[in-house]
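Contents: one structure, followed by commentary.
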Amino acid sequence: MLGQAFPLKEASWCNLRKAGLEDTIYKDYTADVNGWDNFYLPKTVTMQVVGVVEGISCPCDQLVLMTFEDQQVYACDEEELHLVASSFKQLFDEGMEYPASKTYYKGEAFKNMVRNYICLLAINKLSWLIIRITL
-16 MLGQAFPLKE ASWCNLRKAG LEDTIYKDYT ADVNGWDNFY LPKTVTMQVV
34 GVVEGISCPC DQLVLMTFED QQVYACDEEE LHLVASSFKQ LFDEGMEYPA
84 SKTYYKGEAF KNMVRNYICL LAINKLSWLI IRITL
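Numbering follows our numbering, with no gaps: position 12 of the sequence shown is -5.
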């Protein structure tokens, strides 16, 4: 059940409504929700849905607000994960920055893994070549 609505500062036409995952359009889309935890940030986290923003223009059906252990507030618009406030205090005192200056794209969590794999592959090929030459 959707909770109380709060107008956002700097965007008075928007409301932040307290909500859990079960109150969002994503309640039956576990793959999408798991993606928020695993595919955007450099490390795997467990996001908790804390609300939805109503009245904001975004590329998705519903802008969902989430947080995890770091207590920063993130919004997912299906294309990017936005760091919209450094804390709940900032969210309520100053409003949120959306689109945010700090964003994460889906798959960003794996960008260094690909580089590391390519380096490891190059090292393995070089080692194999050195062994082959010395035999």
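Beta carbons are placed, not taken as given, at the ideal position from N, Cα and C, and that holds for glycine.
Considering only C-alpha positions, which residue in the set the options is nearest to residue i?
i, options, result
"K89", "S70, K26 and V36", "K26"
"V32", "K85, K72, L(-1) and I39", "L(-1)"
"W19", "E37, Q73, A83 and A58", "A58"
"A(-6)", "E91, E77 and A83", "E77"
"S84", "M49, L4 and L64", "L64"
Is the Cβ-Cβ distance between residue i and residue j less than 9 Å?
i, j, result
"A68", "V35", "no"
"R81", "C41", "Sequence check: residue 81 is Tyr here, not Arg. A contact, by the Cβ cut-off of 9 Å."
"T29", "F51", "yes"
"M79", "L(-9)", "yes"
"Q54", "L66", "no"
"F75", "F22", "no"
Tell me which residues share the same chain as residue i and place their Cβ nearer than 7 Å to its Cβ, disregarding the 5 neighbours each side in the sequence.
i, result
"G(-14)", "R0, K1 and A2"
"G38", "W(-4), C(-3) and N(-2)"
Can you list, in chain order, the residues of its chain with a C-beta nearer than 6 Å to that of residue i? Leave out the 5 residues immediately preceding and following it.
i, result
"E61", "C43"
"D15", "Y9"
Whose C-beta lies closer than 8 Å to the C-beta of residue i among residues of the same chain, with five residues either side of it excluded?
i, result
"T7", "V32, V35, Q45 and V47"
Are the C-beta of residue i and some C-beta of chain C separated by less than 9 Å?
i, result
"S70", "In the displayed structure, chain C is absent; only one protein chain is listed."
Can you list the beta strand (DSSP E) stretches of 3 or more residues lying completely in the region 29 to 84, in chain order? 31 to 37, 46 to 50, 56 to 59 and 63 to 68
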